[in-house]
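Line by line, the protein sequences give chains S and A. So for the first sequence, our numbering puts the first residue at 1; every next one is plus one. So for the second sequence, our numbering puts the first residue at 132; every next one is plus one. Ideal placement from N, C-alpha and C gives every residue a C-beta, glycine not left out. So the structure is just underneath, and the comments pick up after that.
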Amino acid sequence: MPSPRYWREVPSRFRLEAVRCRRCGKPSFPARTICPACRGTEFEQIGLTREGTVITSTVLHVAPDEFAMETPYAVAIVETPEGARLMAQLVDCEPSEVKPGLPVALEFRLIRQEGHGGILCYGHKAVPAGA
Amino acid sequence: MRDVAIVGVGMTRFGELWETSLRDLFVQAASDALHSARADHLEAVFIGNMSAGQFVGQEHLGPLLVDHLGMVGVAAGRVESACASGGLALRTAFVEVASGMSDLVMAAGVEKMTDTADVTEVLATASDQELEAYHGITFPGLYAMIARAHMEKHGTTEEDLSWVSVKNHRHGALNPKAQFPAEVTLEAVMRSSMVADPLRLLHCSPVSDGAAAVLLCPLDQAKQYTDRPVRIRASGLATGTMALADRKDIAVLDAVQRSAQRAFTMAGLTPADMHLAEVHDCFAIAEICCVEALGLVAPGTGKSAARTGETALGGRIPVNTSGGLKAKGHPVGATGIAQAIELVEQLRGEAGARQVRGARIGLAQNMGGSGASSVVHIFEGS
Ligand SMILES: [Zn+2]
Numbered sequence: 001m002p003s004p005r006y007w008r009e010v011p012s013r014f015r016l017e018a019v020r021c022r023r024c025g026k027p028s029f030p031a032r033t034i035c036p037a038c039r040g041t042e043f044e045q046i047g048l049t050r051e052g053t054v055i056t057s058t059v060l061h062v063a064p065d066e067f068a069m070e071t072p073y074a075v076a077i078v079e080t081p082e083g084a085r086l087m088a089q090l091v092d093c094e095p096s097e098v099k100p101g102l103p104v105a106l107e108f109r110l111i112r113q114e115g116h117g118g119i120l121c122y123g124h125k126a127v128p129a130g131a
Numbered sequence: 132m133r134d135v136a137i138v139g140v141g142m143t144r145f146g147e148l149w150e151t152s153l154r155d156l157f158v159q160a161a162s163d164a165l166h167s168a169r170a171d172h173l174e175a176v177f178i179g180n181m182s183a184g185q186f187v188g189q190e191h192l193g194p195l196l197v198d199h200l201g202m203v204g205v206a207a208g209r210v211e212s213a214c215a216s217g218g219l220a221l222r223t224a225f226v227e228v229a230s231g232m233s234d235l236v237m238a239a240g241v242e243k244m245t246d247t248a249d250v251t252e253v254l255a256t257a258s259d260q261e262l263e264a265y266h267g268i269t270f271p272g273l274y275a276m277i278a279r280a281h282m283e284k285h286g287t288t289e290e291d292l293s294w295v296s297v298k299n300h301r302h303g304a305l306n307p308k309a310q311f312p313a314e315v316t317l318e319a320v321m322r323s324s325m326v327a328d329p330l331r332l333l334h335c336s337p338v339s340d341g342a343a344a345v346l347l348c349p350l351d352q353a354k355q356y357t358d359r360p361v362r363i364r365a366s367g368l369a370t371g372t373m374a375l376a377d378r379k380d381i382a383v384l385d386a387v388q389r390s391a392q393r394a395f396t397m398a399g400l401t402p403a404d405m406h407l408a409e410v411h412d413c414f415a416i417a418e419i420c421c422v423e424a425l426g427l428v429a430p431g432t433g434k435s436a437a438r439t440g441e442t443a444l445g446g447r448i449p450v451n452t453s454g455g456l457k458a459k460g461h462p463v464g465a466t467g468i469a470q471a472i473e474l475v476e477q478l479r480g481e482a483g484a485r486q487v488r489g490a491r492i493g494l495a496q497n498m499g500g501s502g503a504s505s506v507v508h509i510f511e512g513s
């Protein structure tokens with residue numbers, strides 16, 4: 001991934017910026033220009049609450065090269081109080097203890113390194129709430 | 132629209148075919164398809180291929196491959212829908228013939244996966260790069276999340292998943308073209324190494340090389356090429372959300388439901404009319420979700436269909452008699468065409484030890500990504 005591509009995603013990755021459709025109320029994360037539910041184009045800017053619950057998850061034992069040192073690690077789909085869903089690694093716990101309904105906090109973390117230059121790429125990871 | 136028939140088929144063995152290049156795989160399958168129909172010309176070729184650009188650094192497959200087939204000049208191009216590229220090529224060829232645009236058209240699929248070290252990363256490009264792959268998820272990981280959602284909703288177990296692999300290997304053991312023509316025990320599946328919990332190695336289709344090709348023409352011209360044309364009764368193509376997180380119900384493959392509804396409506400048939408099916412079992416959970424989404428079994432009962440034998444050879448609705456992606460192999464772009472070839476052989480009564488007795492109507496379902504695209508074709512023997 002070239003840097004401009006990373007930079008473009010900063011609002012959603014760093015600040016969890018999202019939008020809510022003014023016509024039907026559906027949240028979209030990251031922001032979109034057309035609502036996937038009603039095709040509306042008027043949006044309210046919102047920031048996602050940095051918490052949520054696990055919808056489903058897995059524990060990866062075989063990973064892409066750049067994540068190979070981290071196995072086994074959990075990845076989950078998390079739903080925030082706004083009703084937005086996002087995918088995130090779930091860390092600071094036993095991967096096997098991640099279950100649907102687990103309350104989590106979303107924390108700003110290092111996600112990966114980009115390319116041979118090793119540019120540090122950030123985003124959010126989930127941790128069990130209160131951990 | 133004109134009625135359309137498949138009049139010729141050809142495919143390579145699937146497997147780790149170190150000695151054969153992408154272009155040679157295509158030429159083998161395409162030549163066999165032409166010979167089987169005694170055809171010496173083509174008007175158009177549509178090639179399903181997911182990612183030759185990443186797997187072998189080669190784009191622009193249309194001219195390259197017809198050149199090597201000795202047919203420079205023929206209309207040709209590549210179509211892509213990740214692992215459903217083959218199914219999309221078949222649909223494209225079907226529309227080309229049905230519309231009256233061309234009379235003799237090849238739908239082919241090819242993938243050369245074993246020349247590349249980072250197959251997992253290439254396959255992950257069929258997920259959402261910004262929202263999914265960025266966070267270190269893999270394809271087995273996405274289907275593992277679907278599996279856990281299905282377990283949560285329907286009580287599906289690891290043993291249920293494992294029976295799908297056992298069944299498909301039993302079928303694949305009867306298929307000389309299969310990458311793994313051998314049975315596996317339930318214990319071996321359940322003891323195999325964990326890839327993405329709860330999916331183990333033997334719940335996952337392999338990395339494969341292979342090519343497959345079929346020839347299509349108007350049904351009323353089919354006798355020029357074969358005594359046993361197989362009619363394509365319907366084609367249904369649909370999409371779902373790209374990101375798994377955006378699905379209303381993660382345990383339901385809604386694009387598969389939509390593609391099936393479109394195909395059944397076009398054919399004027401129902402799931403109960405099917406005598407067999409090839410479905411996209413890239414992972415064991417995918418077969419369970421697909422047979423439910425296609426309506427071949429009741430919702431929530433897909434988990435037990437392989438164990439009870441309902442979807443096994445000899446059962447009520449045999450699924451993946453070829454061995455499926457699991458045992459036959461999954462050279463991604465070729466899979467949708469290989470599924471069609473299994474249907475053709477079954478509906479012609481040429482499937483040998485895998486033959487479903489009395490099979491006259493069946494379907495093939497091919498999907499891309501975590502189920503974001505799906506294509507269903509319904510076939511009828513003559
Ligand atoms: Zn809306």
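Considering only the beta carbon of each residue, do residue i and residue j sit closer than 9 Å?
i               : j               : result
A365 of chain A : L400 of chain A : yes
V197 of chain A : P349 of chain A : no
T58 of chain S  : A74 of chain S  : yes
A76 of chain S  : V98 of chain S  : yes
L118 of chain A : G139 of chain A : The shown model of chain A, from 132 to 513, leaves out residue 118 of chain A, and the question about it has no answer.
H406 of chain A : I448 of chain A : yes
V315 of chain A : L333 of chain A : yes
A275 of chain A : G179 of chain A : no
G47 of chain S  : P103 of chain S : no
P271 of chain A : F145 of chain A : no
L444 of chain A : T452 of chain A : yes
R133 of chain A : H199 of chain A : no
A382 of chain A : A369 of chain A : no
S390 of chain A : R331 of chain A : no
D340 of chain A : E242 of chain A : yes
I492 of chain A : G467 of chain A : no
Checking the sheet assignment: what are the DSSP bridge partners for residue i?
i               : result
M142 of chain A : A:A343
P27 of chain S  : S:R20
E349 of chain A : As written in the sequence, residue 349 of chain A is Pro, which differs from the Glu given in the question. In DSSP, P349 of chain A forms a bridge with A:V135.
C38 of chain S  : C38 of chain S is not bridged to any residue.
K125 of chain S : S:E107
I277 of chain A : According to DSSP, which records beta bridges pairwise, I277 of chain A is partnered with nothing at all.
R331 of chain A : A:M325
Y356 of chain A : For Y356 of chain A, which the question treats as bridged, DSSP gives no partner whatsoever.
A74 of chain S  : S:V59, S:L90
T53 of chain S  : S:E79, S:P103
V361 of chain A : A:I137
V506 of chain A : A:L368, A:N497
E132 of chain S : With chain S running from 1 to 131 in the structure shown, residue 132 of chain S is simply not present.
Would you mind telling me which residues of chain S sit closer than 7 Å to residue i, beta carbon to beta carbon, in chain order?
i               : result
I268 of chain A : V75, M87
R279 of chain A : T56, S57, T58
D358 of chain A : Those within 7 Å of D358 of chain A in chain S number zero; the least Cβ separation is about 48 Å.
G272 of chain A : T58, L60, V75
T245 of chain A : Here the premise fails: no neighbours, minimum Cβ distance about 17 Å.
D249 of chain A : D65
M325 of chain A : H61
A255 of chain A : P64
M321 of chain A : Residues of chain S passing the Cβ test: none, with the nearest at roughly 15 Å.
A275 of chain A : T58
Closer than 8 Å by beta-carbon distance: list the chain A residues that pair up with residue i, in chain order.
i               : result
H116 of chain S : The premise fails here: H116 of chain S is roughly 15 Å from chain A at the closest Cβ pair, so nothing lies under 8 Å.
F67 of chain S  : G267
I46 of chain S  : Per Cβ cutoff of 8 Å: no residues; I46 of chain S is ~17 Å from chain A at best.
I111 of chain S : Y265, H266, G267
Can you name the residues of chain S whose CB is closer than 9 Å to the CB of residue i?
i               : result
D328 of chain A : S57, T58, V59, L60, H61, P72, A74, P95, S96
E423 of chain A : Per Cβ cutoff of 9 Å: no residues; E423 of chain A is ~17 Å from chain S at best.
S252 of chain A : According to the sequence as given, residue 252 of chain A is Glu; it is not Ser. By Cβ distance, chain S contributes P64, D65, E66.
For a contact defined as C-beta to C-beta under 8 Å, what are the partners of residue i on chain S?
i               : result
L262 of chain A : P30, L86, M87
Starting from the beta carbon of residue i, find every residue of chain A whose beta carbon is closer than 9 Å, and list them in chain order.
i               : result
P100 of chain S : R279, A280, E283
I119 of chain S : Within 9 Å Cβ-Cβ: nothing; I119 of chain S doesn't reach chain A, min ~13 Å.
- Scan the region 398-457 of chain A and note each continuous beta strand (DSSP E) run of 3 residues or more that stays entirely inside, going in chain order. 407-409
- Query: Which residue spans inside the region 287-314 of chain A form an unbroken beta strand (DSSP E) run of at least 3?
  - Reply: none
- Message: For the region 182-213 of chain A, list every residue whose C-beta sits within 9 Å of some C-beta in chain S, in sequence order.
- Response: none
- Message: Beta carbons nearer than 7 Å to chain A: which residues of the region 7-18 of chain S have them?
- Response: E9
- Within the region 178-265 of chain A, note down every full beta strand (DSSP E) run reaching 3 residues or more, in order along the chain. 206-210, 236-243
- For the region 373-397 of chain A, enumerate the residues whose C-beta is nearer than 8 Å to any C-beta of chain S, in chain order. A374, L375, A376, D377, I381
- Task: Mind listing, in chain order, the continuous beta strand (DSSP E) runs of no fewer than 3 residues lying wholly within the region 459-501 of chain A?
- Result: 492-499
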